[in-house]
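First to last, the protein sequences are chains C and E. Heads up: the first sequence begins at -10 in the working numbering, then just goes up one per residue. Heads up: the second sequence begins at 1025 in the working numbering, then just goes up one per residue. Only one structure is covered here, and it is reproduced in the block below.
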Amino acid sequence: MTPLAGYLLIAALLFAIGLAGALTRRNAILVLIGIELMLNAANLNFIAFWRYSPHPEALTGMMFAIFSIAVAAAEAAVGLGLVIAIYRQFHTTDLDKITRMKG
Amino acid sequence: MSPVFYLIAVITVGGALAAVLLKSVVHSALAVTGAFAGLALMFLSLDAQFAGFAQILIYIGAVAILVVFAILLTQGSEILTDAVFSRTWLAGFVIAAAVFAALGWAVLQSAPVLPNVSAVPAVTVHDIGVALVGRYVLPLEIIALLLTAATIGAVIVAMHEKEAAK
Chain C
-10 MTPLAGYLLI AALLFAIGLA GALTRRNAIL VLIGIELMLN AANLNFIAFW RYSPHPEALT
50 GMMFAIFSIA VAAAEAAVGL GLVIAIYRQF HTTDLDKITR MKG
Chain E
1025 MSPVFYLIAV ITVGGALAAV LLKSVVHSAL AVTGAFAGLA LMFLSLDAQF AGFAQILIYI
1085 GAVAILVVFA ILLTQGSEIL TDAVFSRTWL AGFVIAAAVF AALGWAVLQS APVLPNVSAV
1145 PAVTVHDIGV ALVGRYVLPL EIIALLLTAA TIGAVIVAMH EKEAAK
């Protein structure tokens, strides 16, 4: 197995773990943690492909990863602000109990 | 595949697994910090020093602290319920396993044509800075605007209820 395939497999595993967390946990904060793990797995792919690309000096993958880290930071700030606002409204972060919009 | 790679992989995947499976939210936040640190080590082992240290600063320094603050503000005296997984947990794990199977199959199928070894990229932080204010200056400005808007938006969303209660 080449090193690049190893990194890609680790990224796929991290993505699946993050997806499992986002789909199965009841706490809204842990769903956000799962989404952060998925974003990080994508970043690992960008950096791995950048490192083994024929022209790493073009910096494309590196720049994409840096901008993606910045967007993930903004997402975390807004997401956790929303969790706090929902907690003020419902006094819980349990997603199974927040059913006001359920049909 | 060096032993260092396997060590970092175990730290990263172990941290991520613990974050998803542990019962206590605080333990999960701690475990995910370990996963973020493992990812930063992976970036460093891929010769991406700038991205590695940015990962440490932003994820371990900011996002993990933000998560801990959110836990503090929402779980003050809440007792741990025994059901930490939602009612549809089985479907969630099956979907995640299917996604991993598809991605892993794709990687293993394309493994023979992936580039094997390449020279260490001669990229310095100076080059990254020049690229950021040169070719990538428009995305940089958009990201700056997005971060400003997101910070103000997060504060407004989190404060709104308090204002209305007055």
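Glycine included, each C-beta is placed from N, C-alpha and C at the ideal position.
Close CB contacts of A1042(E) within its chain, under the 7 Å cut and outside five residues either way in sequence, are with A1055 (chain order). In the structure shown, N1140(E) adopts coil according to DSSP, grouped into three states.
Not flagged as an interface residue toward chain C: L1065(E), since no C-beta distance is shorter than 8 Å. Around the C-beta of R89(C), fewer than 16 other C-beta atoms lie within 10 Å, and the residue is accordingly described as exposed. Within the DSSP secondary-structure output, R14(C) pairs in a beta bridge with F1109(E). Within chain E, the residues placing a beta-carbon under 8 Å from that of M(-10)(C) are M1025 and A1135, ordered along the chain. For I22(C), the nearest beta carbon of chain E is closer than 8 Å to its own beta carbon. Chain-ordered, the chain C residues with CB closer than 8 Å to the CB of F1109(E) read T13, R14 and R15. I1152(E) has a beta carbon lying within less than 8 Å of a beta carbon in chain C. Using a Cβ distance threshold of 8 Å, I18(C) and A1075(E) do not count as a contacting pair.
Contacts with chain E at 8 Å (Cβ-Cβ) do not include A31(C).
In this model, A66(C) and T1098(E) are separated by some 15 Å (Cα to Cα). Using beta-carbon distances, G7(C) counts as an interface residue toward chain E, with a partner under 8 Å. Nearest neighbour of L1031(E) by Cα position, chosen from G1177(E), A1059(E) and L1081(E), turns out to be A1059(E).
Nearest to I1166(E) by alpha-carbon distance, out of A59(C), A74(C) and K86(C), is A59(C). Close partners of Q1079(E) in chain C (Cβ separation under 7 Å): I58. Residues of the stretch 1164 to 1175 of chain E with a C-beta less than 7 Å from any C-beta of chain C: I1167, L1170, L1171, A1174 and T1175, listed in chain order.
A straight line joining the alpha-carbon of F35(C) with that of A1(C) spans about 12 Å. At least one beta carbon of chain C lies nearer than 8 Å to the beta carbon of V1087(E).
Residue contact check for R40(C) against chain E: a CB pair falls below 8 Å.
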